[in-house]
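Student: Note that the protein sequences, when read in sequence, are chains A and B.
Mapping of the first sequence onto my numbering: residues 35 to 260, in sequence order.
Mapping of the second sequence onto my numbering: residues 8 to 413, in sequence order.
C-beta: ideal position from N, C-alpha, C; glycine also.
On a predicted model such as this, the values are computed, not experimentally measured, just so you know.
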Amino acid sequence: MNHFLIILALLFAAAPERLFGAIGCTLSNPAEDLKYLYPEMTTFKEELKEFPKLPDGAGLFKGLRARLGSDLDPIYETYETPYTVYSIFKGDARIGVVHGVNVPGKGGVIQVFVATDPKTGEIKNFFFQRLESPAARQLRSKEFRMQFEGLTLADFYKHDYYAAAQPGAKADKLAALKPPSLDPGGKPDYEASLRGLRKNLILLDYFVYGRRFEPFFERAQQARKN
Amino acid sequence: MPKDQQNRGAGSLLPLVIAIGGIALMPLRAQETRHEQQPADPFAGLNPAPAADTSSQPKRSWFSRFFRDNLGFREEVMSEFTSDVEGSNASRQSVGFEVLKKFSTATATVASFDFQGRLVRRDGYNPVLNDMEGASRPGWSFEYHNLYVDLYNVANPLLSASGRGKNVGRFNFRAGRFYVPFGLNLQTDTHGTILQLSNESNFGNDRDWYAGFWGSINRHLNYDAYYMAGSGYDLEYRGQSGLAAVRLSLSNKYSSEYGLEGGVSVLGGERLAQPAWSSSLAEPAPLKTQRIGIDARYRHTAPRGLLTGTAELSGGHDARDPVVTQLYQAEYLRASRRWGIASQFRRFSRDGAGTDSAILGEFTWYFRNDVAGSNSHWIKLNIERQIQNYPEPPRTIVALQYYFYR
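#1: Using beta carbons (cut-off 7 Å, strictly below), is A/S104 in contact with chain B?
#2: Can you tell me where the beta strand (DSSP E) holding B/E150 begins and where it ends?
#3: Assign B/Q123 to buried or exposed, taking buried as 16 or more other Cβ atoms, counted over all protein chains shown, within 10 Å of its Cβ.
#4: Assign A/N260 to one of two classes, buried (16 or more other C-beta atoms within 10 Å of its C-beta) or exposed (fewer than that).
#5: Could you work out which residue in B/G368, B/W385 and B/Y335 is closest to B/R344 when comparing CA atoms only?
#6: So with CB distances below 7 Å, who are the chain B contacts of A/D67?
#7: Is A/G130 near A/A149, with beta carbons less than 7 Å apart?
#8: Within 10 angstroms of the Cβ of A/G141, are there 16 or more other Cβ atoms? Answer buried if so, exposed if not.
#9: Give the secondary structure of B/H324 by DSSP, where H, G and I count as helix, E and B as strand, and everything else as coil.
#10: From A/L102 to A/Q172, what does the alpha carbon distance come to, in whole angstroms?
#11: What did DSSP end up calling B/F74 once you bin it into helix, strand or coil?
#12: In terms of alpha-carbon separation, which member of A/G202, A/K158 and A/Y195 lies closest to A/Q181?
#13: Is it buried or exposed, A/H193, if we count other Cβ atoms within 10 angstroms and call 16 or more buried?
#14: Excluding the five sequence neighbours on either side, which residues of its own chain have a C-beta within less than 6 Å of the C-beta of B/Y233, listed in chain order?
#15: Distance check for A/P116 and B/Q393, CA to CA, integer angstroms please.
#16: Report the partner residues of B/R341 according to the DSSP bridge assignment.
#17: State the CB to CB distance for the pair B/S321 and B/N209, rounded to an integer number of angstroms; the pair is presumed to be in contact (CB under 8 Å).
#18: Compare the C-beta of A/I157 against all C-beta atoms of chain B and say whether one is closer than 7 Å.
#19: Measuring alpha carbon to alpha carbon, tell me which of A/V146, A/L106, A/F78 and A/P108 ends up nearest A/L238.
#20: Pick helix, strand or coil for A/N234, following the three-state DSSP scheme.
#21: Report yes or no: is there a C-beta of chain A within less than 7 Å of the C-beta of B/A118?
#22: Which residues, in order along the segment 342-376 of chain B, keep a beta-carbon less than 9 Å from a beta-carbon of chain A?
#23: Taking DSSP as the reference, what is the three-state secondary structure of A/H193?
#24: Going along the chain, which unbroken runs of the alpha helix (DSSP H) with 4 or more residues stay wholly within the segment 134-221 of chain A?
#25: Provide the residue span of the alpha helix (DSSP H) that contains B/Q395, from first to last.
#26: Can you tell me the Cα-Cα spacing of B/N179 and B/G359, whole angstroms?
#27: In the DSSP assignment, find the unbroken beta strand (DSSP E) run with B/N179 in it and report its ends.
#28: According to DSSP, simplified to helix, strand and coil, what is A/I57?
#29: Taking the straight line between their C-alpha atoms, what separation do you get for A/F241 and A/T186?
#30: Kindly list the residues whose CB is nearer than 7 Å to the CB of B/A182, restricted to its own chain and excluding five residues on each side of it in sequence; keep chain order.
#31: Along chain A, in chain order, which residues have C-beta atoms closer than 8 Å to that of B/V175?
#32: Could you list which residues in chain A have their beta carbon closer than 7 Å to that of B/L53, in chain order?
#33: Could you work out which residue in A/R229, A/R179, A/L94 and A/S62 is closest to A/L211 when comparing CA atoms only?
#34: Could you give the C-beta distance for B/E150 and B/R125, rounded to a whole number, given that I count them as a contact under 8 Å?
#35: When burial is assigned at 16 or more other CB atoms within 10 Å of the CB, is B/E43 buried or exposed?
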């Protein structure tokens, strides 16, 4: 048996690396969590997504920083980080998409999961799987999280423009969000959570929605230059 | 006041009223001007791009789909040097890999496969926690660790459409070699770490060959129920009946909301083990084994980082000899995930075979430290002070480990 396993090991070692993927950052208990989000679910499907395996993955990863508007953390946000996209089905109909990311917070990891509409990309729900923060209770509150329902990545891109060129614009849906009442110590984790949500939506736009919100990013960039 | 004087007065107030009115209206005018100066909404009329038409994409072959879709491959390099204060030095160098493949239909993930293997070179030997099997493998050897398949929702063919929906995640089948379903090891990846949990001391192996079911009972509890061969490394029967194991554990909800994991485990039957007082070369023989255990792990934010406390307690019998196992561990991980420290106390006592106990301290510097453990790169310094090591005298073992997994 040992000889068989050594041959197996050599076969795998000889295979081109690009053939293979990695093991994903996942929900700890996907069936239970997804059933809670989508009680009508009958099945779900996991898909592993990695930048090294995407067409022009290096370019997309480089673009992530620009779309996020901040540097990527060398420990939490590497090029090789794998992602798992969950598609939720009722019968043959896809009724939801769920995806999670890790971002660094003040106290450690913040794992932001988002559930979106498979057609429009609108947020249906967002929640924290792990939230190592002194502000965890406030950030987990339903009142705070519910405000994000219906937003899309387009609203985040628009916010960049409005915040710089038209502060207080009524069209700026992000500016209208009410942050939870936090101690000054909890503010960095609030900002990290918003960053995590934005990063999550950008990655979903890459992985699932075929970059359909890209026109908003480009328009925001142009408008800010003008 | 005379009328003409009143008229003069009114006339003299008029410019003042106009001036005040003008001043009062200035902000409004300024606001209007600002509004006029605001650029037009650059997003007016802009819509998301239409979804890409995937029907025009070329159809990929079965081979391409198999090797590109949901196939994870990770490479591993481990270099470990150990020394005790008596001057016994040892080296363990290995290269390895892990393969994880998930199989899906158009609407469901139905199965997965996992395999971990290492090609190892050992020179000398010290009994560090992550290499208790190494004494019997000097020189070159190939080792396998995980080797199992999971089949998800196996009861679906027997259920109605609504029954399938209600029972998603409830009846999953696992067969192969994986962590013994006792204590926290099922939910803890100790593949690369030096610190281990208590199953290796408790059962002679932290993994075993088994088949059985796992899943969620409800929103609060998960279950694992397996039949195990009880043979440890190689799948073999030498007259042992095998073991039955059941574990009930808290669902992910508790880990997510409260940072709490935990469970109770029961295990009984026969496994293969070296007879007590025998040499390590003696043939393993069936040993009647009974255990019941309780375990918990709790994460809590600490200044600029995260504290984690772990405990595993179990008791039972090996043949007629009472057995008690204790393990306590405390860890601190910096919020940047750049470095961490850990300490562990472990004690295993079996009547008739003495007591082993030790305290360990560890410092780790991380170059990469992915939260999901899928991208790890570190250097570890671990010091184990054995307090009791029956029948030999206790030793102090220092281990320096370099680990890369990506």
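Tutor: Reading from the atomic positions:
#1: no
#2: G146 to L158
#3: Buried, because 16 or more other Cβ atoms sit within 10 Å of the Cβ of B/Q123.
#4: exposed
#5: B/W385
#6: N259
#7: yes
#8: The residue is buried, with at least 16 neighbouring Cβ atoms inside 10 Å.
#9: B/H324 sits in a strand when the DSSP states are folded into three classes.
#10: 24 Å
#11: helix
#12: Taking only the C-alpha atoms, the option nearest A/Q181 is A/K158.
#13: By the 10 Å Cβ count, A/H193 comes out buried.
#14: P188, Y217, G219 and A252
#15: If you take the alpha carbons of B/Q393 and A/P116, they lie about 40 Å apart.
#16: B/G312
#17: 6 Å
#18: No, A/I157 lies away from the interface with chain B (no Cβ there is under 7 Å from its Cβ).
#19: A/V146
#20: helix
#21: No, no contact with chain A.
#22: A342, S343, R344, R345, Y373, F374, R375 and N376
#23: helix
#24: Unbroken alpha helix (DSSP H) stretches of 4 residues or longer found wholly inside the segment 134-221 of chain A: 170-174, 176-180 and 187-199, given in chain order.
#25: That residue, B/Q395, is in no alpha helix (DSSP H); its beta strand (DSSP E) goes S383 to N396.
#26: 40 Å
#27: N179 to Y186
#28: Only weak support exists for where A/I57 lies, its pLDDT of 38 falling under 50; the value from the coordinates is given anyway. Three-state result, A/I57: coil.
#29: 15 Å
#30: Y155, V156 and A218
#31: A65, L68, K69, M75, T76, T77 and F78
#32: P249, F250 and R253
#33: A/R179
#34: 5 Å
#35: The predicted position of B/E43 is uncertain, since its pLDDT is 48 and thus under 50; no value can be drawn from it.
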